[in-house]
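Novice: The letter at position 84 of the sequence shown is residue 84 when you use UniProt numbering, and the numbering goes up by one with no holes. Ideal placement from N, C-alpha and C gives every residue a C-beta, glycine not left out. Sharing a structure below in structure tokens format, with a few things to ask.
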Amino acid sequence: MPNNAAAEKRMRQEQRRRAFNRSTKSVVKTQVTKARQAISTTDESSVEAVRLAVSELDKAAKKGVIHRNNAARRKSRLMKQLNAINAEK
Numbered sequence: 001m002p003n004n005a006a007a008e009k010r011m012r013q014e015q016r017r018r019a020f021n022r023s024t025k026s027v028v029k030t031q032v033t034k035a036r037q038a039i040s041t042t043d044e045s046s047v048e049a050v051r052l053a054v055s056e057l058d059k060a061a062k063k064g065v066i067h068r069n070n071a072a073r074r075k076s077r078l079m080k081q082l083n084a085i086n087a088e089k
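Spelled out as structure tokens, the structure:
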């Protein structure tokens, strides 16, 4: 337990940030999963799903929820998968 006012404030801030970061990461994971599923089914909407996932990754990186290199790596992997499927068509 915090022993002074500053420590109490820190705990409140950490709780707010943790909740915010958790919800943002959840949205990112959902969009990436949807994009991967769309790619694996070679769906017409796979390009749109990847675009939405990339957008969410960029937002999370901009907000500092994930590192920008982490976002870049994940975007690169998604695009690589998408391009591999499109090359087969």
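(1) Measuring only the C-alpha atoms, how far is leucine 57 from glycine 64?
(2) Do you know how far the Cα of lysine 25 is from the Cα of leucine 52?
(3) If I'm right that asparagine 78 touches valine 54 with Cβ under 8 Å, what's the distance once you round it to whole angstroms?
(4) Express the C-alpha separation of arginine 17 and alanine 60 in angstroms, rounding to a whole number.
Specialist: Working from what's here:
(1) 11 Å
(2) 14 Å
(3) One point to set straight first is that residue 78 is leucine, not asparagine, in the sequence displayed. The Cβ separation is near 7 Å, so the contact holds.
(4) 13 Å
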